[in-house]
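Heads up: the sequence shown at position 205 corresponds to 205 in full-length UniProt numbering, and the numbers run straight through without jumps.
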Amino acid sequence: MKTTIKNSFLTATILHKGAELETLIKDGKNVIWTIDKSFWNKTSPILFPIVGGLKDGKYNYLDESYSLSRHGFARDHDFELISKTDDSAVFSLKYSEETLKIYPFKFELQITNELFESQLYIIYKILNLDNDKMYFSLGAHPAFAIDGNFEEYELEFDNNNSLISHQLDNELLSGKTVDINLKTNLLPLKYELFENDALVFKNSSTSNLTLFKDKKPQISVHFKDFPYLGIWTKKGVPFLCIEPWLGIADSQTSTGNLTEKEGIRKLEGNAEVEKSFSIEVF
Numbered sequence: 001m002k003t004t005i006k007n008s009f010l011t012a013t014i015l016h017k018g019a020e021l022e023t024l025i026k027d028g029k030n031v032i033w034t035i036d037k038s039f040w041n042k043t044s045p046i047l048f049p050i051v052g053g054l055k056d057g058k059y060n061y062l063d064e065s066y067s068l069s070r071h072g073f074a075r076d077h078d079f080e081l082i083s084k085t086d087d088s089a090v091f092s093l094k095y096s097e098e099t100l101k102i103y104p105f106k107f108e109l110q111i112t113n114e115l116f117e118s119q120l121y122i123i124y125k126i127l128n129l130d131n132d133k134m135y136f137s138l139g140a141h142p143a144f145a146i147d148g149n150f151e152e153y154e155l156e157f158d159n160n161n162s163l164i165s166h167q168l169d170n171e172l173l174s175g176k177t178v179d180i181n182l183k184t185n186l187l188p189l190k191y192e193l194f195e196n197d198a199l200v201f202k203n204s205s206t207s208n209l210t211l212f213k214d215k216k217p218q219i220s221v222h223f224k225d226f227p228y229l230g231i232w233t234k235k236g237v238p239f240l241c242i243e244p245w246l247g248i249a250d251s252q253t254s255t256g257n258l259t260e261k262e263g264i265r266k267l268e269g270n271a272e273v274e275k276s277f278s279i280e281v282f
């Protein structure tokens with residue numbers, strides 16, 4: 001199933017599976033990439049309750065060991081549509097006996113998609129439905145369509161002239177870094193940047209990225225609530241993922257203890273927290 005919302009500027013379609021943004025259209029043009037399963041079978045998955053991979057695919061909590069796949073399970077579950085207007089829709093995923101076997105917390109994850117003029121706001125609300133504290137991470141993973149030559153595109157970073165990318169090795173942080181120098185806050189795109197997987201940035205001052213083609217802005221992603229950032233594509237693939245994250249992958253020296261995981265968030269019993277980002281279409 002899918003739900004469509006629209007205003008006089010934009011039309012967005014959200015799949016009920018994973019509450020995943022499928023299309024975002026302005027003036028007849030979809031800025032989200034169209035799935036080609038030979039490359040990747042997602043368009044904008046939600047990363048919850050972890051971001052990235054776990055060392056050995058496992059974590060420990062209260063002397064119990066759990067297995068959890070990369071980026072968690074939310075993207076693989078059907079969400080319930082709990083409210084809708086012409087220009088907004090709210091989806092919900094709640095814990096179940098199935099999720100408790102791999103993530104021992106009683107949660108609700110609500111995703112609101114709301115259009116305002118030429119922006120789509122995506123609002124995450126995480127609710128702890130238990131008296132005890134819970135631990136979680138969260139991330140977005142929208143893939144934006146690349147039309148034509150990838151090297152005609154560039155990214156503009158706010159408040160940065162240079163960046164430090166933390167390198168991945170077999171989906172874990174290796175401890176190695178690469179310096180990336182910008183030209184007047186601009187990063188010209190080339191597939192060679194992604195030969196070693198995603199570019200991963202920690203606690204940078206960046207909270208806004210704009211994708212340009214031939215010096216013309218295409219989209220901006222605004223993400224002041226998110227301290228980590230991933231940027232990813234594959235060689236020859238016509239998309240670029242701009243990924244605001246609350247958390248990050250394990251390192252190769254991770255202890256495996258959930259409470260010690262870098263980027264993990266603690267939510268007290270019966271509490272809730274909201275985080276949001278937006279996509280602006282030009």
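Heads up, the beta-carbon is just placed ideally off N, CA and C, and yes, glycines get one too.
Using only alpha-carbon positions, find the residue among the options that is nearest to residue i.
i	options	result
I111	E243, V281 and F277	F277
D63	S162, L258, T206 and N170	L258
D225	I35, V273 and V31	V273
K37	I82, Y103 and V237	V237
Per DSSP, residue i forms a beta bridge with which residues?
i	result
E156	L186 and T210
F226	Note: F226 sits in no beta bridge, so no partner.
P104	The partner list for P104 (beta bridge, DSSP) is empty, contrary to what the question assumes.
A143	C241
Q167	Partner(s): none; Q167 has no beta bridge.
Ignore the nearest five residues each way along the sequence and tell me which others in residue i's own chain have a CB closer than 7 Å to its CB.
i	result
Y121	E114, S276 and S278
E154	L186, L187, P188, L189 and F212
S2	In the sequence on display, residue 2 carries Lys and not Ser. Excluding positions up to five away in sequence, the list reads T13, I14, L15, H16 and E22.
N181	S162
residue 291	Only positions 1 to 282 of the chain appear in this structure, which leaves residue 291 out of reach.
L229	F201, S204, T206, E243, P244 and W245
N196	Q167 and L168
For residue i, which three-state DSSP category applies?
i	result
R70	coil
residue 290	There is simply no residue 290 to check, as the chain begins at 1 and stops at 282 in what is shown.
E22	strand
T3	strand
F150	helix
G256	coil
T43	coil
K55	helix
D197	coil
CB-CB under 6 Å to residue i, same chain, minus the five flanking residues each way: which ones, in chain order?
i	result
I25	T11
F194	T233
Kindly list the residues whose CB is nearer than 8 Å to the CB of residue i, restricted to its own chain and excluding five residues on each side of it in sequence; keep chain order.
i	result
S8	none
A145	N30, V31, I32, W33, T34, P238 and F239
T85	I5
Query raised in the report: How do the region 224-239 and the region 137-155 stand: do at least 3 beta-carbon pairs fall below 8 Å, yes or no?
Result: yes
Query raised in the report: Should the region 255-270 be regarded as contacting the region 126-139, the criterion being three or more beta carbon pairs within less than 8 Å?
Result: yes
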